[in-house]
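Protein chains in written order, with my numbering: chain B, 1 to 441; chain U, 1 to 130. Remarks on the structure that follows.
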Amino acid sequence: MAENSKDNKFWDPEITTASRDKIISIQIENLKKTLKHCYENNNFYKKRIDDAGLNPDKIKDLSDIEKLPFTSKDELRENYPFGLFCTPLSKVVRVHSSSGTTGNPTVVGYTKEDLEIWADALARIMYDVGVREDDIVQVSHGFGMFTGGFGFQYAAERIGALVIPISGGNTERQLKIMTDFKSTVLCCTPSYTLYMAEIAEKIGIDFSKLHLKFGFLGAEPWTEPMRAEIEKKLCMNALNSYGLSEVIGPGVSCECLVKDGLHINEDHFLPEIIDPKTGKTLPHNQQGELVFTSLSKKAFPVIRYRTKDISYLYLDDCSCGKKLIKMAPPMGRTDDMLIIRGVNVFPSQIEEVLMQIKDLEPHYLIVLTRENYLDKIEVWVEVSEKIFHEKLMDLEFFEKSIEDKLYSAIGIHIKVSLKEPRTIARSEGKAQRVWDRREKI
Amino acid sequence: MPVKQLTVFLENKAGRLAEVAKILKDKNINLQGFSTTEARDYGILRLVVSDTELARQSLKEAGFTTHIADAICVKVEDKPGELFKVLDVLAKEGINIDYIYVIAGTRLVLSVQDIQKAEEILKKNNVLLC
Numbered sequence: 001m002a003e004n005s006k007d008n009k010f011w012d013p014e015i016t017t018a019s020r021d022k023i024i025s026i027q028i029e030n031l032k033k034t035l036k037h038c039y040e041n042n043n044f045y046k047k048r049i050d051d052a053g054l055n056p057d058k059i060k061d062l063s064d065i066e067k068l069p070f071t072s073k074d075e076l077r078e079n080y081p082f083g084l085f086c087t088p089l090s091k092v093v094r095v096h097s098s099s100g101t102t103g104n105p106t107v108v109g110y111t112k113e114d115l116e117i118w119a120d121a122l123a124r125i126m127y128d129v130g131v132r133e134d135d136i137v138q139v140s141h142g143f144g145m146f147t148g149g150f151g152f153q154y155a156a157e158r159i160g161a162l163v164i165p166i167s168g169g170n171t172e173r174q175l176k177i178m179t180d181f182k183s184t185v186l187c188c189t190p191s192y193t194l195y196m197a198e199i200a201e202k203i204g205i206d207f208s209k210l211h212l213k214f215g216f217l218g219a220e221p222w223t224e225p226m227r228a229e230i231e232k233k234l235c236m237n238a239l240n241s242y243g244l245s246e247v248i249g250p251g252v253s254c255e256c257l258v259k260d261g262l263h264i265n266e267d268h269f270l271p272e273i274i275d276p277k278t279g280k281t282l283p284h285n286q287q288g289e290l291v292f293t294s295l296s297k298k299a300f301p302v303i304r305y306r307t308k309d310i311s312y313l314y315l316d317d318c319s320c321g322k323k324l325i326k327m328a329p330p331m332g333r334t335d336d337m338l339i340i341r342g343v344n345v346f347p348s349q350i351e352e353v354l355m356q357i358k359d360l361e362p363h364y365l366i367v368l369t370r371e372n373y374l375d376k377i378e379v380w381v382e383v384s385e386k387i388f389h390e391k392l393m394d395l396e397f398f399e400k401s402i403e404d405k406l407y408s409a410i411g412i413h414i415k416v417s418l419k420e421p422r423t424i425a426r427s428e429g430k431a432q433r434v435w436d437r438r439e440k441i
Numbered sequence: 001m002p003v004k005q006l007t008v009f010l011e012n013k014a015g016r017l018a019e020v021a022k023i024l025k026d027k028n029i030n031l032q033g034f035s036t037t038e039a040r041d042y043g044i045l046r047l048v049v050s051d052t053e054l055a056r057q058s059l060k061e062a063g064f065t066t067h068i069a070d071a072i073c074v075k076v077e078d079k080p081g082e083l084f085k086v087l088d089v090l091a092k093e094g095i096n097i098d099y100i101y102v103i104a105g106t107r108l109v110l111s112v113q114d115i116q117k118a119e120e121i122l123k124k125n126n127v128l129l130c
């Protein structure tokens, strides 16, 4: 079992509250080891490291990594299924996989020690927020090839908390278990919590009478107003949890209770921000694409893996006491970005506007169409009784007022279309926020 | 006494109005009259029914967004000039009508800003409220 220096407040204070110098020296040491491990065990990486003229033993500075090329998701696919594993399969005890909607899925592997590292990295996050042995952790992420379910199960068990591995779906049952077992921690996607809230209201469950304290919510981008909505409805601290299977799963980074940025477990995962167009490394506080390099995993380490998530890195004097570097909540993915008549729009920008409109239900769908060769963007929202009065002009005024707010925030005209309740699909996992109906040309 | 009018939000798609009519039929609710107003992608259906609360509950359960609003209901004869008589009374007092429609039994349902005031004016001018 991995060692940690647990005290009452922190799981591993020797790491999480370490000075910058100490963190960097740990990172350099681990980077050397990881590159050496990749070099000796995988031809794909050996060639890359040779081509870059890099000697893993002679790495002196973290910036040496910039000599190496990025690894893309396509390259993971090209090496399907086990081509980028760096240990023999006999040492691999687990695989996970991301959904393969286009072509081969990406397959990631874990040794026994990798699973320990995973459990420990996420346990550190949960413990530092306040999860303890007496907590009851409802894991409503899917179990299976998706990493969400297992990651939280391992971490909570590592802390000694009680795990309810309920997985996703069957919302009424989720709520019954949550009520009867007195769950204190909820792990799922942010959009699913709002669906839970909707069903709870329908069947008469009041979250203020339940026991939830923390929600570790992730696997999709979400916004500050959405957090406010979730916290109000579910009466818990809603924390942004970030991870991806290629890097490890949940446990890469997460917010502390200060809720200002996600502390990265940077002793395990070395972050960089790059300009997605030029590939140039960007300084702190500048927005770009997140890139991660494994510093401790053995079966499936990644070197400069492009996540496609858009964020920025920064160091601050966080009042939680942790000194780990922070990433801003990812505002979207490079491939989620919509280009509407030349303007770049992220679904999260639209969400931010919608969530601030009083009495608007927190469900929406962005619909893209093409008319006379021009892209058109429309947002569907639902008409609840809170906003429906009997005058047509009230509804038209309501639509118009949302359209105006979207225009002033984003700078393009987005048509708002009112829909009947529950016509927008609810999500029990990752929400589908965009429906692209433009014909493929 | 104003009449209770049930308002329903309807998306502009085939079969939605039929769905409402079916729910009323299944609950044995009598429809005394209705009107529709359309906007870009949706419309508003206004109904006067025998049991407004039951109708609302049933439609809500079926997933419709509803609202109950007061409106004025007046009885008119089935003969020329009756509509003018009512409208003229209100126009002379500067009262604007937001919308108006006819329901069974030659009655008019109309919506104005100040229902009480309009009703008093109508009464004074011998218009039969119902």
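Heads up, the beta-carbon is just placed ideally off N, CA and C, and yes, glycines get one too. Since the structure is predicted, the reported quantities are computational estimates derived from the model, not experimental observations.
Query: Would you report the Cα separation of Val-74 (chain U) and Pro-421 (chain B), rounded to the nearest angstrom?; Result: 34 Å
Query: List the residues of chain B that Ala-69 (chain U) touches, going by C-beta distances under 8 Å, in chain order.; Result: His-389 and Glu-390
Query: What runs of the beta strand (DSSP E), each 3 residues or longer, lie entirely inside the stretch 285–309 of chain B?; Result: 288–294
Query: Kindly list, in the order they appear in chain B, the residues whose Cβ is closer than 7 Å to that of Glu-62 (chain U).; Result: Before going on, a small fix: residue 62 (chain U) reads as Ala here, not Glu. The contacting residues do not exist; Ala-62 (chain U) stays about 10 Å from chain B at best.
Query: With distance defined between alpha-carbon atoms, name the residue in B:Glu-220, B:Gly-130, B:Tyr-195 and B:Tyr-364 nearest to Lys-6 (chain B).; Result: B:Gly-130
Query: Measure the Cβ-Cβ separation of Met-327 (chain B) and Phe-346 (chain B) and say whether it is below 7 Å.; Result: no
Query: Roughly how many angstroms lie between the CA atoms of Asn-43 (chain B) and Gly-83 (chain B), to the nearest whole one?; Result: 9 Å
Query: Going along the chain, which residues of its own chain have a beta-carbon closer than 8 Å to the beta-carbon of Arg-341 (chain B), five neighbours each way excluded?; Result: Leu-374, Asp-375 and Ile-412
Query: Using 10 angstroms around the beta-carbon of Ala-431 (chain B), count the other beta-carbons present and answer buried if the total reaches 16, otherwise exposed.; Result: buried
Query: Give the interface partners of Tyr-42 (chain U) over in chain B, defined as CB-CB distance under 7 Å, in chain order.; Result: Leu-418
Query: Write down the C-beta distance between Val-108 (chain B) and Phe-388 (chain B) rounded to the nearest angstrom, noting that I regard them as a contact closer than 8 Å.; Result: The Cβ separation is near 48 Å, so there is no contact.
Query: If you measure from the beta carbon of Glu-53 (chain U) to each beta carbon in chain B, is any gap under 7 Å?; Result: no
Query: Distance check for Lys-25 (chain U) and Ala-18 (chain U), CA to CA, integer angstroms please.; Result: 10 Å
Query: Mapping the DSSP letters down to three states, classify Ile-441 (chain B) as helix, strand or coil.; Result: For Ile-441 (chain B), the predicted model reports a pLDDT of 44, less than 50, meaning its position is unreliable and no value from the coordinates is stated.
Query: Would a check of beta-carbon distances place Phe-9 (chain U) closer than 7 Å to chain B?; Result: yes
Query: Could you say which of B:Thr-293, B:Gly-168 and B:Glu-399 lies nearest to Leu-270 (chain B) if we only look at CA atoms?; Result: B:Thr-293
Query: Going straight from the alpha carbon of Lys-46 (chain B) to that of Lys-297 (chain B), what length do you get?; Result: 17 Å
Query: By Cβ distance, which residues of its chain are closer than 7 Å to His-67 (chain U), with the 5 residues on each side in sequence left out?; Result: Thr-7
Query: Does the pairing of the stretch 273–288 of chain B with the stretch 148–155 of chain B give three or more beta-carbon distances under 8 Å?; Result: no
Query: Can you pull the chain B residues whose beta carbon is under 8 Å from the beta carbon of Asp-98 (chain U), in chain order?; Result: Lys-391
Query: Between the alpha carbons of Ile-441 (chain B) and Ile-339 (chain B), how many angstroms are there, rounded?; Result: At Ile-441 (chain B), the pLDDT of 44 sits below 50, so the modelled position is not reliable; the number obtained from the coordinates is stated separately. Distance between the alpha carbons of Ile-441 (chain B) and Ile-339 (chain B) is about 16 Å.
Query: Of all Cβ atoms in chain U, is any one closer than 7 Å to the Cβ of Arg-433 (chain B)?; Result: no
Query: Quick one: measure Cβ to Cβ for Lys-419 (chain B) and Val-367 (chain B), integer angstroms, because I've assumed they're closer than 8 Å.; Result: That pair is no contact at about 10 Å.
Query: Strictly below 8 Å CB to CB, what residues from chain B border Thr-37 (chain U)?; Result: Leu-392
Query: Pull out every residue of the stretch 363–392 of chain B whose Cβ sits closer than 9 Å to any Cβ of chain U, in chain order.; Result: Glu-382, Val-383, Ser-384, Glu-385, Ile-387, Phe-388, His-389, Glu-390, Lys-391 and Leu-392
Query: Would you mind sorting Cys-86 (chain B) into buried or exposed? The rule is 16 or more other CB atoms within 10 Å of its CB.; Result: buried
Query: Out of curiosity, what's the CA-to-CA distance linking Asp-51 (chain U) and Arg-132 (chain B)?; Result: 56 Å
Query: Are the beta-carbon atoms of Glu-255 (chain B) and Leu-239 (chain B) separated by less than 7 Å?; Result: yes
Query: Does any residue of chain B bring its CB to less than 7 Å from the CB of Thr-65 (chain U)?; Result: yes
Query: Closer than 7 Å by beta-carbon distance: list the chain U residues that pair up with Glu-396 (chain B), in chain order.; Result: Ala-39
Query: What span of residues does the alpha helix (DSSP H) with Asn-43 (chain B) cover, start to end?; Result: 43–51
Query: Could you work out which residue in B:Gln-356, B:Thr-307, B:Leu-89 and B:Leu-295 is closest to Lys-112 (chain B) when comparing CA atoms only?; Result: B:Leu-89
Query: Given a cut-off of 7 Å on the beta-carbon distance, is the pair Leu-257 (chain B) and Thr-193 (chain B) in contact?; Result: no
Query: Just curious, the alpha helix (DSSP H) that Ile-117 (chain B) is in, first and last residue?; Result: 112–129
Query: Just to confirm, is the Cβ distance from Asp-135 (chain B) to Thr-184 (chain B) under 7 Å?; Result: yes
Query: Work out the CA separation of Lys-209 (chain B) and Thr-34 (chain B) for me, nearest whole Å.; Result: 49 Å
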